[in-house]
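*Asks:* Residue numbers (our numbering), protein chains in the order written: chain A, 46 to 105; chain B, 47 to 502.
From the three backbone atoms N, C-alpha and C, an ideal C-beta is built for every residue, glycine too.
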Amino acid sequence: MDRQLIEHWVDAAAPMLGLPVDEGNRGAVIANLEMLAAVAGQLEAFELAPADEPLTVFRR
Amino acid sequence: MSVLAGIEACLARIERFDPSINAFTAIVRDRALARAAAIDAARAAGTSPGGELEGVPFAVKNLFDIEGLVTIAGSRIEAERANPRPAAADALAVARLEAAGAILVGALNMDEYAYGFTTENTHRGPTRNPHDLTRMAGGSSGGSGAAVGAGLVPIALGTDTNGSIRVPASLCGAFGLRPTFGRLGRGGAFPFVFSIDTIGPLARSVRELALAYDAMQGPDAHDPGCAQRAAEPSVGALQADAAGNLAGLRIARLGGYFEEMATPEGVAALDVACAALSGLTSVGRADWPDAAIGRAAAFMITAVEGGALHLDDLRRFYNIMEPHSRDRFLAGALAPAAWVHRAHRVRRRYIERVDTLFADHDILLAPVVPGVAPTIGDDWIEIRGRRFPSRPSMGLLTQPVSCAGVPVVAAPIAREGLPIGIQVIAAPWCEANALRVAMALEQLGVARVSVPAAFA
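1) Check whether chain B comes within 8 Å of residue 60 of chain A, counting only Cβ atoms and requiring the distance to be less than that.
2) May I ask you to report which of helix, strand or coil DSSP gives residue 155 of chain B?
3) Using alpha carbons as the reference points, say which of B:347, B:422, B:129, B:423 lies closest to residue 504 of chain B.
4) Compute the Euclidean distance between the alpha carbons of residue 396 of chain B and residue 390 of chain B, then round it to the nearest angstrom.
5) What's the gap between the Cα of residue 95 of chain B and the Cα of residue 78 of chain B?
6) Along chain A, in chain order, which residues have C-beta atoms closer than 7 Å to that of residue 364 of chain B?
7) With burial defined as no fewer than 16 other Cβ atoms inside 10 Å of the residue's Cβ, what is the status of residue 105 of chain A: buried or exposed?
8) Run the CB neighbour count on residue 94 of chain A, radius 10 Å, all protein chains shown included, and call it buried at 16 or more, exposed below.
9) At the 8 Å Cβ level, is residue 346 of chain B part of the contact set with chain A, yes or no?
10) Going by Cα to Cα distance, which pick from B:424, B:82, B:213, B:91 is closest to residue 51 of chain B?
11) Here's the rule I'm using: 16 or more other beta-carbon atoms within 10 Å means buried, otherwise exposed. How should residue 367 of chain B be labelled?
12) When the Cα of residue 371 of chain B is compared with those of B:492, B:162, B:54, which residue comes out closest?
13) Taking 8 Å as the cut-off, decide whether the C-beta atoms of residue 20 of chain B and residue 71 of chain B are in contact.
14) Can you pull the DSSP bridge partners for residue 110 of chain B?
15) Would a check of beta-carbon distances place residue 98 of chain A closer than 8 Å to chain B?
16) May I ask you to verify whether the stretch 405–414 of chain B touches the stretch 375–387 of chain B, counting CB pairs closer than 8 Å and requiring at least 3?
17) Alpha carbon to alpha carbon, how far is residue 465 of chain B from residue 53 of chain B? Give it in angstroms, no decimals.
18) Need the endpoints of the alpha helix (DSSP H) that residue 400 of chain B sits in, please.
19) Would you identify the three-state DSSP class for residue 468 of chain B, choosing helix, strand or coil?
20) Under DSSP, the beta strand (DSSP E) around residue 428 of chain B begins and ends at which residues?
21) Checking the sheet assignment: what are the DSSP bridge partners for residue 178 of chain B?
22) Specify, as a first and last residue, the run of the alpha helix (DSSP H) that residue 213 of chain B falls within.
23) Give a yes or no on whether the minimum CB-CB distance between residue 88 of chain A and chain B is below 8 Å.
24) Would you say residue 93 of chain A lies against chain B (beta-carbon separation less than 8 Å)?
25) Just by C-beta distance, which residues in the stretch 389–406 of chain B are closer than 9 Å to chain A?
26) Consider the Cβ of residue 105 of chain A: report whether some Cβ of chain B lies at a distance smaller than 8 Å.
27) With a threshold of 16 other CB atoms inside 10 Å of the CB of residue 48 of chain A, please say whether the residue is buried or exposed.
28) Please identify, using Cβ separations under 7 Å, the residues of the stretch 143–162 of chain B that lie next to chain A, in order along the chain.
29) For the beta strand (DSSP E) holding residue 318 of chain B, just list the boundary residues, first then last.
30) Quick test of your reading: residue 148 of chain B and residue 104 of chain B, contact by CB under 8 Å. State the CB separation rounded to the nearest angstrom.
31) Can you name the start and end residues of the beta strand (DSSP E) that residue 222 of chain B belongs to?
32) Roughly how many whole angstroms lie between the Cα atoms of residue 245 of chain B and residue 132 of chain B?
33) What's the gap between the Cα of residue 52 of chain A and the Cα of residue 334 of chain B?
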């Protein structure tokens, strides 16, 4: 994923969630989100069927 | 020796040796001595129930509730909230171990909120590896690994989301058990990733590992992730001649990903174990399906569930959160929901694929960590000429296993130099098989806990 897109995402989403991202930690947060984006790409590439769901079981 | 004398000796060892490894964050001296005296009194009166754990000291990762103490989970936040409240009761696991006669002596250091593999805790200082004080103890249950590896306690409790029992057990030279996901109740244990967290013991012998595990089994009304199964004791399956009773177990070593992501030292430890077991039964080869995908799913779920759990802490206490992990938590909190939902769906399919392995195998063997303990502060490790960031990469070989939720024993392989362990992996709910094989390795002298001479 393009780094600039991740930077835009962090700059937009962090204030929305009230999370503290400033010059001191912005680079580290973006780097970590880049890593998650790469992992998300791996997961996207893994073939799934529509029925592959986690299927939470509720006990009552 | 009286139980009181035994506990006094244990506390004296902790006082003498712990400053060099920094494993303990709290000692419950008065409580431990009172309990020991009560057991001695019950013995004298003939009313003691007895049992192998009676009078045995143990300690717990500081995310387990201990009545009267604030559960800090490796953080400053929990101790510094406006009104920090001490735990009103012991965690279920602590209560069950004490009901079996064991005696709690203290709480142990860990990575903040369990997000780490190194126990380089900035607030409390790093826990040091008893085999080389310049090296990491592993994590996140690093205090648990170091305390057992140094011989300060025979049993400790830890938690394992992505390898946090197995990694410190391997680096510090202790046995560790991550049971099947859902086997042990987590009531009173501070969570990290609800959908993967597991509690379990570390110990100096397989028998003590099994005794502690058995004592903690049973339903937990306070843990919706607990399978609520009746206890299935494992100690009965451990025979005096475990090495002579492996016939019928189908054992294989894992190749592919599990060899590619290990250093030659890690593979050599596995070679030793396989060679020993080959003298008792056949040891084949197997490939774990989609190991990298399993790790990817665990990585995503961990970051996002962890980030969501600590969303409010990130807002209010970012400045006093652990510098090693706070930006990982923050990135997890910002990840799109579709990413983690995909990860849960992938995990479901992944577990189904892993389960098919156990149609042909009862036990699978793999290294625990890529290599021996890195030096404290090292940011990188090298695996077969490739550099990896040390902190997340200590879980390369453990995350695919825990993502599948299967039980696994970490067994320290006897060798010159720093400890290194192997994973003995069993089918879901078959912890006893993994313990049998670990005990066979122990009886053969291939796996053992060697307390360093400096701690003798």
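*Replies:* Quick look at the numbers:
1) no
2) coil
3) Past the boundaries of the shown model lies residue 504 of chain B; chain B is included only from 47 to 502, so the question cannot be answered.
4) 10 Å
5) 18 Å
6) 65
7) For residue 105 of chain A, the predicted structure reports a pLDDT of 47, less than 50, and the residue's modelled location is therefore unreliable. The matter cannot be settled from this model.
8) exposed
9) yes
10) B:82
11) buried
12) B:162
13) It is not possible to answer for residue 20 of chain B, since the shown part of chain B is limited to 47 through 502.
14) B:235
15) yes
16) no
17) 28 Å
18) 383–403
19) strand
20) 426–429
21) B:175
22) 212–218
23) yes
24) yes
25) 389, 390, 391, 392, 393, 394, 395, 396, 398
26) Confidence at residue 105 of chain A is low in this model, with a pLDDT of 47, below 50, so its placement is unreliable and no value can be given for it.
27) exposed
28) none
29) Here residue 318 of chain B belongs to no beta strand (DSSP E); instead the alpha helix (DSSP H) covers 310–324.
30) 5 Å
31) 221–224
32) 21 Å
33) 36 Å
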